[in-house]
Amino acid sequence: MPEGDSAWRAAHHLGRALADRTVERFELRVPAHATADLRGERIAGADARGKHVLLRIGRFTVHSHFGMDGSWRLVPPGEQDAAGRVAGAPPPLTGRTAQRGAASSGSQTGPDAADNTSRARRGAARSASQARPGAAGSASRARPSARLQRGPSTGWPAAHRIRAIIGTDAVIALGIDLAVCDLWPTADEHRHLGHLGPDLLTDAPDLDEAARRILAEPDRPITGALLDQRNVAGLGNEYVTEMCFLRGALPSRTVAEAGDIGEWLALGRRLLLANRDRVERTFTGDLHDGAWVFGREGLPCKRCGAIIEAGEHDSGYRGAERRDSSWCPHCQR
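Its first residue numbered 1150, the sequence shown is counted upward by one per residue in my numbering.
Encoded structure:
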């Protein structure tokens, strides 16, 4: 499940692979930006804001949000794509311009579009609840959390899954199954993402400001408050579920009942920092079995042996969908 660490890692690898190179192939396979062409522009680098990945090219920013299934993949030039074309060969010139494509983005993409789209795509199936209690292999679902796939062994996916192609002489970046793929003038980034709360993976996040935003709604469930990207950016359901276990709190606790909000935020930051360089996310320290409760409903608690329970919790925000949670009825109160 992509969260803030996934976006940070993708931006880190995209930046290392593409920065200071010139775009030789550029395709955004979304209607609003199908006419955009940034070939010949220099790639400045990549950055992440919460769960958003920003790839800056010339005066523009390619913005992506993974949703539930998205990723960026790096492939070498010369490898054939799914249609049998050589990946490094740019399409013929058509006179397309980045300005035409970007001009339409202001009217079609509001500041909350990325978060609204990702909410609509949430709700992954939970197969672990059907596992036999003693089946060790089912105790923790495989959750590949490195949302950037590299190397020729991964190859090109089916064409309908590709939403972005950004090629240079050295490497080609493919945006696959992206929930959101936009093109903005870089100067407008704040207009689109300024609503986000402090990002826990920045060098010095303003935890006091994040706590202030969360404490403004004391009757809201702590889970919903932490998941609200307007309060704090980067935490998703997997992190918040595991944080509740580590804090000994049921997901139904309100902000007022949850204790020191600063300690919750510090825990979230420590977990994100610990996982941002890992291919497999872990909260237990075990890279092969990294969850305490997330996805382990029906299985014994690793700490006390009680059976992990699961259900839905209210986000506390009108119009937002309910979220799945897992918890230990003995360790969490």
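C-beta: ideal position from N, C-alpha, C; glycine also. The structure displayed is predicted, hence computed values, not measured ones.
_Contiguous beta strand (DSSP E) assignments of at least 3 residues, all confined to the segment 1188-1218_ = 1192-1198, 1201-1206, 1209-1214
_Count Cβ pairs between the segment 1181-1201 and the segment 1382-1394 that sit closer than 8 Å; are there 3 or more?_
yes
*Within 10 angstroms of the Cβ of PRO1354, are there 16 or more other Cβ atoms? Answer buried if so, exposed if not.*
Locating residue 1354 in the sequence shown gives position 205, where the first residue counts as 1. So PRO1354 counts as buried.
*Would you say VAL1329 and ARG1369 are within 7 Å of each other, going by their C-beta atoms?*
Counting from one through the sequence shown, the residue named residue 1329 turns up at place 180. Counting from one through the sequence shown, the residue named residue 1369 turns up at place 220. Contact flag unset, no.
*asked:* So for SER1302, helix, strand or coil by DSSP?
replied: Counted from its first residue, the sequence shown places residue 1302 at position 153. With a pLDDT of 38 at SER1302, under the threshold of 50, the modelled position of this residue cannot be trusted, and the question is left open.
*What three-state label does DSSP hand SER1474 in the structure shown?*
Along the sequence shown, one-based indexing puts residue 1474 at 325. In the structure shown, SER1474 sits in a strand (DSSP, three-state: E or B).
*Leaving out the 5 sequence neighbours to the left and right, which residues in its chain are closer than 6 Å to ASP1326 when beta-carbon positions are compared?*
Sequence index remark: in the sequence shown, residue 1326 carries index 177 (1-based). The answer, listed in chain order, is ASP1218, GLY1219, ARG1310.
*Element boundaries [beta strand (DSSP E), containing TRP1221]*: Against the sequence shown, residue 1221 aligns to sequence position 72. It spans 1220-1224 - the beta strand (DSSP E) in which TRP1221 sits, taken as one unbroken run.
*Are the beta-carbon atoms of ALA1331 and HIS1212 separated by less than 7 Å?*
By one-based count along the sequence shown, residue 1331 stands at place 182. By one-based count along the sequence shown, residue 1212 stands at place 63. Residue identity differs from the one stated: residue 1331 is Asp in this sequence, not Ala. In contact: ASP1331 and HIS1212 (Cβ atoms closer than 7 Å).
*Does the distance from the CB of LEU1187 to the CB of VAL1320 come in under 7 Å?*
The residue labelled residue 1187 in the question sits at position 38 within the sequence shown. The residue labelled residue 1320 in the question sits at position 171 within the sequence shown. Going by C-beta atoms, LEU1187 is not nearer than 7 Å to VAL1320.
*asked:* According to DSSP, simplified to helix, strand and coil, what is HIS1479?
replied: For the purposes of this step, residue 1479 is identified with residue 330 of the sequence shown, where counting begins at 1. Coil, per DSSP.
*Give the straight-line distance between the Cα atoms of PHE1443 and THR1171, rounded to the nearest whole angstrom.*
As a position in the sequence shown, residue 1443 is number 294, starting the count at 1. As a position in the sequence shown, residue 1171 is number 22, starting the count at 1. For PHE1443 and THR1171, the distance between alpha carbons rounds to 42 Å.
*Does DSSP put PRO1370 in a helix, in a strand, or in coil?*
Working through the sequence shown from its first residue, we reach residue 1370 at position 221. The answer is strand: DSSP assigns PRO1370 an E or B state.
*Between the C-alpha atoms of GLU1446 and ALA1455, what's the straight-line distance to the nearest angstrom?*
For the purposes of this step, residue 1446 is taken as the residue at position 297 of the sequence shown. For the purposes of this step, residue 1455 is taken as the residue at position 306 of the sequence shown. If I take the Cα positions, the gap works out to 11 Å.
*If you follow the beta strand (DSSP E) that ARG1500 is part of, which residue opens it and which one closes it?*
This structure leaves residue 1500 out entirely; the chain is present only between 1150 and 1482.
_Buried or exposed for ARG1473, going by 16 or more other Cβ atoms inside 10 Å?_
One-based indexing of the sequence shown puts residue 1473 at position 324. A small correction: the amino acid at residue 1473 is Asp; Arg does not occupy that position in the sequence shown. The residue is buried, with at least 16 neighbouring Cβ atoms inside 10 Å.
*Boundaries of the beta strand (DSSP E) in which PHE1175 is found, first to last residue*: Numbered from 1 along the sequence shown, position 26 holds the residue referred to as residue 1175. Here the beta strand (DSSP E) through PHE1175 covers 1174-1177.
*asked:* Taking its Cβ as the centre, do 16 or more other Cβ atoms sit within 10 Å of ASP1169, making it buried, or is it exposed?
replied: As a working note, residue 1169 is residue 20 in the sequence shown. Per the 10 Å Cβ criterion, exposed.
_Rounding to the nearest angstrom, what Cα-Cα distance links ALA1181 and VAL1202 in this structure?_
One-based indexing of the sequence shown puts residue 1181 at position 32. One-based indexing of the sequence shown puts residue 1202 at position 53. Answer to the nearest angstrom: the Cα atoms are 18 Å apart.
*Report the rounded CA-to-CA distance for GLY1216 versus PRO1151, giving the unit in angstroms.*
The residue labelled residue 1216 in the question sits at position 67 within the sequence shown. The residue labelled residue 1151 in the question sits at position 2 within the sequence shown. The alpha-carbon atoms of GLY1216 and PRO1151 are separated by roughly 7 Å.
*For the beta strand (DSSP E) that TRP1333 lies in, which residues bound it at each end?*
To locate residue 1333, count along the sequence shown from 1; it is residue 184. Where TRP1333 is concerned, the enclosing beta strand (DSSP E) stretches over 1329-1334.
*Among LEU1167, LEU1177, GLU1412, SER1475, nearest to ALA1308 - alpha-carbon criterion*: Along the sequence shown, read from residue 1 onward, the residue named residue 1308 stands at position 159. The shortest Cα separation from ALA1308 among LEU1167, LEU1177, GLU1412, SER1475 belongs to LEU1177.
_C-alpha distance - LEU1448 paired with PRO1347, whole-angstrom precision_ = Position 299 of the sequence shown, counting from 1, holds the residue named residue 1448. Position 198 of the sequence shown, counting from 1, holds the residue named residue 1347. For LEU1448 and PRO1347, the distance between alpha carbons rounds to 35 Å.
*Alpha carbon to alpha carbon, how far is ALA1313 from VAL1179? Give it in angstroms, no decimals.*
What you label residue 1179 is simply residue 30 of the sequence shown in a count that begins at 1. What you label residue 1313 is simply residue 164 of the sequence shown in a count that begins at 1. Their backbone Cα atoms lie some 8 Å apart in a straight line.
_Continuous beta strand (DSSP E) assignments of at least 3 residues falling wholly in the segment 1350-1423_ = none
*By Cβ distance, which residues of its chain are closer than 6 Å to PRO1306, with the 5 residues on each side in sequence left out?*
In the sequence shown, the residue the question calls residue 1306 occupies position 157. Taken in chain order, the residues that qualify are ILE1325.
*Tell me, to the nearest whole angstrom, how far the beta carbon of ASN1424 is from that of ASP1154; I am working on the premise that it is less than 8 Å.*
If you number the sequence shown from 1, residue 1424 lands on position 275. If you number the sequence shown from 1, residue 1154 lands on position 5. Going by Cβ atoms, the distance from ASN1424 to ASP1154 rounds to 5 Å, so yes, they are a contact pair.
*asked:* Quick check: the Cα distance between THR1433 and GLU1190, rounded to an integer number of angstroms?
replied: Here residue 1433 is taken as the residue at index 284 of the sequence shown, counted from 1. Here residue 1190 is taken as the residue at index 41 of the sequence shown, counted from 1. Near 44 Å, if we compare the C-alpha coordinates of GLU1190 and THR1433.
*What does DSSP give as the partner residues of ALA1313 in its beta bridges?*
As a working note, residue 1313 is residue 164 in the sequence shown. In the DSSP output, where bridge partners are listed per residue, ALA1313 has LEU1177, GLY1324.
*For CYS1393, which residues of its own chain have a beta-carbon under 6 Å away from its beta-carbon, when the five flanking residues on both sides are left out?*
On the sequence shown, residue 1393 is found 244 positions in, with the first residue counted as 1. Counting only Cβ-Cβ distances below 6 Å, and skipping sequence neighbours, we find PRO1400.
*When the distance is taken between beta carbons, is GLU1358 closer than 7 Å to THR1210?*
Position 61 of the sequence shown, counting from 1, holds the residue named residue 1210. Position 209 of the sequence shown, counting from 1, holds the residue named residue 1358. Cβ atoms of THR1210 and GLU1358: not closer than 7 Å.
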